[in-house]
Amino acid sequence: MERQTRFWQVALLALPLTVFAVLVIWPLASSFYYSFTNWNGFSADYDFVGLANFTKIYTDDLFRNAILNTIIWMVAAILLPTLLGLGLALLIDSRIPGGAMFKSIFYLPICLSAIVVGQIWVWIYQPDWGLLNTVIAAIRGDDMNFAWLAKPDTALGSVIVAWSWQQTGLSMVIYLAGLTAISEDLLEVCEMDGASTWQRLRLVVIPLLTPATVVVVALSVINSLKGFDILFIMTGGGPFNSSDTLAMHMYNESFKKYLMGYGSAISVVLFLIALTIIGIYFRQLRRVDEIYG
Amino acid sequence: MADTRAIPTRDTAMPEAADKPFDPWPAVIFIALVCLAVLFLTPTVGVLLSSVKTTREIALGELWSIPSALYLGNFTEVLNNPAVHRYLVNTLLVTAPATIASIVLGVLAGYVFAKLPFRGSNLLFLVIVSGMFFPPQVILIPLFRLFNAVGLIDTLWPIILVHTALGIPICTLLMRNFFATVPTALREAAIIEGANEWQVLTKVALPISLPALAVLATLQFTWIWNDFLWPLIFTQSDEKRTIMLGLVNMKGQYSVAWGVQGALSLIASLPTLIVFLFFQRYFIKGMTMGAVKG
Amino acid sequence: MPILNRRTLLATAIAAPALMLGAGSWAQEGEVTISHYFTGDLGLGGLKEIFATFEAETGLKVKDSPIGHEDFKTGILVRAAGNNLPDVFSYWAGARTQFVIDSNSLQPIDDMWNAAGLDEIVAKSVADGATLYGGKRYLVPFGYHYAGMFYNKSVFADAGITDLPKTWDEFLALAETLKGKGVTPIALGSKDRWPAQFWFDYLLLRTAGPDYRAKLMSGAASYDDPEVKAAMALWKELTDKDYFVPNANADGWTDASDKVARGDAAMTLMGTWITGYWNGIGLKPGEDYDFFPFPEIESGIANAVVGPVDGLVVSANAANSEGAEKLLTFMVSNADVQAKWAGIQGALSANVNVDPANYTSVMQNALATVAAADTFVFNYDLATPPPVAEVGLSMFARFMDDPSKVDEILANAAADAKEAFNE
Numbered sequence: 000m001e002r003q004t005r006f007w008q009v010a011l012l013a014l015p016l017t018v019f020a021v022l023v024i025w026p027l028a029s030s031f032y033y034s035f036t037n038w039n040g041f042s043a044d045y046d047f048v049g050l051a052n053f054t055k056i057y058t059d060d061l062f063r064n065a066i067l068n069t070i071i072w073m074v075a076a077i078l079l080p081t082l083l084g085l086g087l088a089l090l091i092d093s094r095i096p097g098g099a100m101f102k103s104i105f106y107l108p109i110c111l112s113a114i115v116v117g118q119i120w121v122w123i124y125q126p127d128w129g130l131l132n133t134v135i136a137a138i139r140g141d142d143m144n145f146a147w148l149a150k151p152d153t154a155l156g157s158v159i160v161a162w163s164w165q166q167t168g169l170s171m172v173i174y175l176a177g178l179t180a181i182s183e184d185l186l187e188v189c190e191m192d193g194a195s196t197w198q199r200l201r202l203v204v205i206p207l208l209t210p211a212t213v214v215v216v217a218l219s220v221i222n223s224l225k226g227f228d229i230l231f232i233m234t235g236g237g238p239f240n241s242s243d244t245l246a247m248h249m250y251n252e253s254f255k256k257y258l259m260g261y262g263s264a265i266s267v268v269l270f271l272i273a274l275t276i277i278g279i280y281f282r283q284l285r286r287v288d289e290i291y292g
Numbered sequence: 000m001a002d003t004r005a006i007p008t009r010d011t012a013m014p015e016a017a018d019k020p021f022d023p024w025p026a027v028i029f030i031a032l033v034c035l036a037v038l039f040l041t042p043t044v045g046v047l048l049s050s051v052k053t054t055r056e057i058a059l060g061e062l063w064s065i066p067s068a069l070y071l072g073n074f075t076e077v078l079n080n081p082a083v084h085r086y087l088v089n090t091l092l093v094t095a096p097a098t099i100a101s102i103v104l105g106v107l108a109g110y111v112f113a114k115l116p117f118r119g120s121n122l123l124f125l126v127i128v129s130g131m132f133f134p135p136q137v138i139l140i141p142l143f144r145l146f147n148a149v150g151l152i153d154t155l156w157p158i159i160l161v162h163t164a165l166g167i168p169i170c171t172l173l174m175r176n177f178f179a180t181v182p183t184a185l186r187e188a189a190i191i192e193g194a195n196e197w198q199v200l201t202k203v204a205l206p207i208s209l210p211a212l213a214v215l216a217t218l219q220f221t222w223i224w225n226d227f228l229w230p231l232i233f234t235q236s237d238e239k240r241t242i243m244l245g246l247v248n249m250k251g252q253y254s255v256a257w258g259v260q261g262a263l264s265l266i267a268s269l270p271t272l273i274v275f276l277f278f279q280r281y282f283i284k285g286m287t288m289g290a291v292k293g
Numbered sequence: 000m001p002i003l004n005r006r007t008l009l010a011t012a013i014a015a016p017a018l019m020l021g022a023g024s025w026a027q028e029g030e031v032t033i034s035h036y037f038t039g040d041l042g043l044g045g046l047k048e049i050f051a052t053f054e055a056e057t058g059l060k061v062k063d064s065p066i067g068h069e070d071f072k073t074g075i076l077v078r079a080a081g082n083n084l085p086d087v088f089s090y091w092a093g094a095r096t097q098f099v100i101d102s103n104s105l106q107p108i109d110d111m112w113n114a115a116g117l118d119e120i121v122a123k124s125v126a127d128g129a130t131l132y133g134g135k136r137y138l139v140p141f142g143y144h145y146a147g148m149f150y151n152k153s154v155f156a157d158a159g160i161t162d163l164p165k166t167w168d169e170f171l172a173l174a175e176t177l178k179g180k181g182v183t184p185i186a187l188g189s190k191d192r193w194p195a196q197f198w199f200d201y202l203l204l205r206t207a208g209p210d211y212r213a214k215l216m217s218g219a220a221s222y223d224d225p226e227v228k229a230a231m232a233l234w235k236e237l238t239d240k241d242y243f244v245p246n247a248n249a250d251g252w253t254d255a256s257d258k259v260a261r262g263d264a265a266m267t268l269m270g271t272w273i274t275g276y277w278n279g280i281g282l283k284p285g286e287d288y289d290f291f292p293f294p295e296i297e298s299g300i301a302n303a304v305v306g307p308v309d310g311l312v313v314s315a316n317a318a319n320s321e322g323a324e325k326l327l328t329f330m331v332s333n334a335d336v337q338a339k340w341a342g343i344q345g346a347l348s349a350n351v352n353v354d355p356a357n358y359t360s361v362m363q364n365a366l367a368t369v370a371a372a373d374t375f376v377f378n379y380d381l382a383t384p385p386p387v388a389e390v391g392l393s394m395f396a397r398f399m400d401d402p403s404k405v406d407e408i409l410a411n412a413a414a415d416a417k418e419a420f421n422e
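Residue numbers (numbering that gives the first Met the number 0), protein chains in the order written: chain A, 0 to 292; chain B, 0 to 293; chain C, 0 to 422.
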């Protein structure tokens with residue numbers, strides 16, 4: 000029995016682990032190797048520079064800027080689509096006619112590629128004839144030509160809005176699934192007990208949706224790292240690096256400045272940050288397991 | 000699945016459905032949803048508008064106006080372009096196998112982590128899941144070197160393999176969570192009746208996890224279909240390019256073709272929409288039955 | 000839905016691509032591989048025909064790999080890192096080519112150059128600056144561009160402008176007239192930063208001269224020198240008088256071109272590729288638009304013109320370097336190919352045998368302007384090493400955002416550039 004279990008553990012894990020090790024772990028490790036060199040990407044030669052790339056990080060203002068933006072981006076990219084998706088799911092779940100249609104409408108943006116989503120939002124934010132300014136001007140009754148994507152104060156926020164627009168549908172669908180699992184009887188009982196809608200939501204529905212939240216957050220984190228594309232298209236990290244994230248900074252250093260070694264060092268740091276996030280995530284996950292296990 | 004025991008219930012009699020006063024909430028919610036839907040549809044409408052306008056009109060700032068005449072030239076141009084057909088076929092050839100393969104590998108790993116844990120399996124699980132958390136640009140060069148060494152550059156193979164590998168973390172995570180909800184008793188009963196783990200997986204666990212597979216299929220299909228980084232790196236000749244690269248290459252160094260780009264991007268997003276519509280009822284059920292359950 | 004059998008799935012996953020795709024068929028005998036950034040419908044279509052002519056003439060097959068401009072930078076770097084460069088690839092002449100040469104990734108083409116007699120064919124104005132690196136030839140110019148002040152003719156006519164400005168004072172007067180008529184004089188779309196560089200280039204070249212600029216580009220001068228400050232002060236004068244469109248950083252270069260085409264702005268400092276773009280949306284060269292050279296600011300300074308050169312280079316370990324050289328010779332010395340390509344790209348040909356009658360009147364004028372100039376220099380991001388170019392391009396965007404901070408911006412740029420030169 001014991002031996003049989005061992006056999007199946009090995010047999011079932013062999014293929015996924017091999018693929019993962021060869022195509023993910025090994026490339027990651029070898030990329031880390033270059034963080035100790037001054038490789039430029041083009042040349043066949045490079046020198047070992049020890050920890051120079053890592054000490055450079057300390058004095059790199061652009062890095063500090065990028066790490067701050069990454070935190071803002073991650074927090075917003077997790078919070079906004081999650082909260083919006085939850086809100087939409089609660090509204091749609093309330094036995095409204097046309098629920099399926101609404102669901103499809105809100106999900107639709109996910110189907111569009113980052114290339115076209117980025118471009119259309121550039122046109123929405125366009126200062127002279129863009130949709131946003133036109134609408135604001137019509138409401139206020141005077142001219143509006145604010146350049147949302149060109150001002151360092153609003154560039155990142157504007158991209159986050161576009162991003163949330165695209166991602167909300169995904170969390171909505173997951174929350175909707177979670178909601179259908181909450182028993183109707185339970186909610187009725189609460190209502191009879193005199194719980195207000197808000198109390199029901201806060202004390203019963205949202206806690207019971209925790210497993211869905213765990214999935215939504217995981218997907219949001221993965222997606223927020225994929226958010227590189229949309230940022231690249233909408234602002235390219237600009238104006239003058241004000242919307243750079245770590246991934247963008249790494250890309251610029253490696254592929255625009257040809258500082259492969261330094262770029263690798265940035266990705267090592269990025270990976271360490273990611274591991275910390277996973278650590279936190281797993282503690283949450285375990286807590287959920289304890290409750291629902 | 001809500002655990003009703005967690006909530007103290009009182010032994011009150013069910014009241015009769017009394018004549019309630021007029022409840023305004025459904026109407027308010029409906030109107031709110033309509034407003035939100037309009038808001039959400041606006042950018043998509045923008046794409047639609049760009050696809051029925053000429054590049055000249057867009058250049059003159061006419062994007063957001065209602066078109067006076069429907070210009071379908073962009074769509075005919077895209078649909079009559081044989082390169083576009085090839086791009087679509089290539090994309091399907093990458094997306095379908097990579098979606099399936101990543102889910103299969105996720106099922107295998109997820110089952111072990113859920114039902115056959117061993118010492119250190121949690122750590123291993125953590126390592127795999129950590130694979131979700133880095134930007135893919137980090138591993139561009141090592142992977143290019145690897146596939147160059149084995150002579151697979153300019154084929155679709157590296158794209159399929161890399162997407163399969165990068166899909167393992169999310170597939171493993173969701174499948175592990177799903178399998179965790181399959182009652183252990185069910186597995187033990189099957190084992191006692193002489194089934195081996197493989198049979199438990201394929202005959203007991205998988206049939207009831209069909210919904211979870213649908214969830215993953217939709218997610219993976221959408222992500223892989225819309226990716227353009229890996230095809231960019233691994234393909235070289237136009238014959239092997241995917242639709243997203245076709246979209247990017249619409250734009251010249253010093254030229255733009257907004258209208259055609261809009262039309263092509265709408266066409267390119269149809270398959271992912273179809274996949275969603277096809278799988279969505281399983282999708283909901285899948286989330287209900289397990290993936291959502293911790 | 001039937002339960003998917005895992006074995007069927009795996010079999011499909013493995014068999015489908017294998018059957019449909021075959022093995023990689025890159026780089027075979029009698030084949031020249033090329034990677035380039037000439038995408039877009041016109042670029043791709045034009046090149047396909049050009050390659051077909053080459054194949055018919057030489058019997059060599061061309062296997063091409065087009066990648067859009069921005070992605071090309073990533074793509075070619077990854078291929079270089081993977082030791083998988085194509086035989087031939089397009090590249091920007093100047094500091095970027097120098098960088099690839101310094102990395103030992105290119106092979107010199109002097110023998111081919113001499114055998115094909117390219118000295119007689121390639122225009123002197125571009126030949127030496129673009130093709131010679133450390134005394135050896137590495138690149139053939141496939142086409143080049145010139146940056147000038149492109150303007151909307153009817154806007155100028157409506158403002159009663161008959162004489163084009165030759166000096167800085169005349170230029171300022173022109174801008175004032177336009178502004179008085181309610182037209183924004185200058186459009187600039189610096190969202191992607193590089194369009195702003197032409198202003199820096201010309202202002203510096205017209206005040207401090209090409210020699211000083213060359214020093215600045217190579218790190219022998221600093222961004223907080225009085226020369227740079229003086230050039231930036233002139234630029235700031237223009238922004239202080241609101242001659243530029245508001246929100247330059249929000250627009251791409253096509254947006255700025257659109258503004259001039261619509262008549263919202265009068266002119267824009269841009270490369271000759273703008274003619275290709277404008278012709279594409281229906282404007283008539285010479286009727287709807289024209290250009291004038293950047294005016295003289297201080298007399299006695301060599302008259303420089305600015306622009307990029309699109310070149311073709313041969314990689315150091317090209318599998319078929321003989322074929323690669325044949326392709327390069329063909330691409331630059333065949334006058335028909337050059338004429339055709341120039342027409343498609345809105346570019347100028349470096350081949351002196353191309354009949355000017357192939358050009359539009361505006362492009363003929365541009366050709367004459369380049370020929371009459373004392374020197375042709377590369378625009379900023381091609382003139383200085385890539386890490387430094389990043390510093391400068393950000394500096395221009397920062398300046399356009401808030402010109403009042405010019406001193407602080409220059410001080411930062413000086414420090415950052417110094418560091419970047421040390422990389």
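In this text, a Cβ means the ideal position worked out from N, Cα and C, and glycines have one as well.
Among the options, the one whose alpha carbon lies nearest that of residue i
i                 : options                               : result
Pro26 of chain A  : B:Pro182, B:Phe29, B:Glu187, B:Phe133 : B:Phe133
Gly147 of chain C : C:Asn316, C:Pro385, C:Ala303          : C:Ala303
Gly81 of chain C  : A:Ile77, A:Ala43, A:Val18             : A:Ala43
Gly45 of chain C  : C:Gly93, C:Gly342, C:Ser360, C:Pro385 : C:Gly342
Where residue i falls: helix, strand or coil (DSSP)
i                 : result
Ile276 of chain A : helix
Phe291 of chain C : strand
Ala115 of chain C : coil
Thr234 of chain B : coil
Glu30 of chain C  : strand
Leu59 of chain C  : coil
Trp38 of chain A  : coil
Phe132 of chain B : coil
Thr161 of chain C : coil
9 Å Cβ cutoff, residue i in contact with chain C
i                 : result
Ala26 of chain B  : no
Asn248 of chain B : yes
Tyr124 of chain A : yes
Exposure of residue i, with buried meaning 16 or more beta-carbon neighbours within 10 Å
i                 : result
Phe21 of chain B  : exposed
Ala371 of chain C : exposed
His35 of chain C  : buried
Distance cut-off 8 Å: residue i Cβ against heavy atoms of the ligand ATP
i                 : result
Ala264 of chain A : What this structure holds is no ligand at all, so the ligand ATP is not there to describe.
Below-9 Å beta-carbon distance, residue i vs any chain A residue
i                 : result
Gly23 of chain C  : Low confidence applies here, because Gly23 of chain C scores a pLDDT of 40, under 50, leaving its location unreliable and the question unanswered by this model.
Pro194 of chain C : no
Glu196 of chain B : yes
Chain B contact for residue i (CB, 9 Å cutoff)
i                 : result
Ile280 of chain C : yes
*Name the residues in the region 41–69 of chain C whose C-beta lies less than 8 Å from a C-beta of chain A; which are they?*
Listed in sequence order: no entries.
*Check each residue of the region 240–263 of chain A: if its Cβ is closer than 7 Å to any Cβ of chain B, include it; give the result in chain order.*
Taken in chain order, the members of the region 240–263 of chain A whose beta-carbon sits within less than 7 Å of a beta-carbon on chain B are Ala246, Met249, Tyr250.
_Which residues of the region 127–149 of chain B have a Cβ closer than 8 Å to any Cβ of chain C? Give them in chain order._
Near chain C, meaning a CB-to-CB distance below 8 Å, the residues of the region 127–149 of chain B are Leu139, Ile140, Phe143, Arg144, Asn147.
*Contact list for the region 202–227 of chain B against chain C, Cβ threshold 9 Å*: Taking 9 Å as the Cβ-Cβ cut-off against chain C, the residues of the region 202–227 of chain B that qualify are Leu205, Pro206, Leu209, Leu212, Ala213, Phe227.
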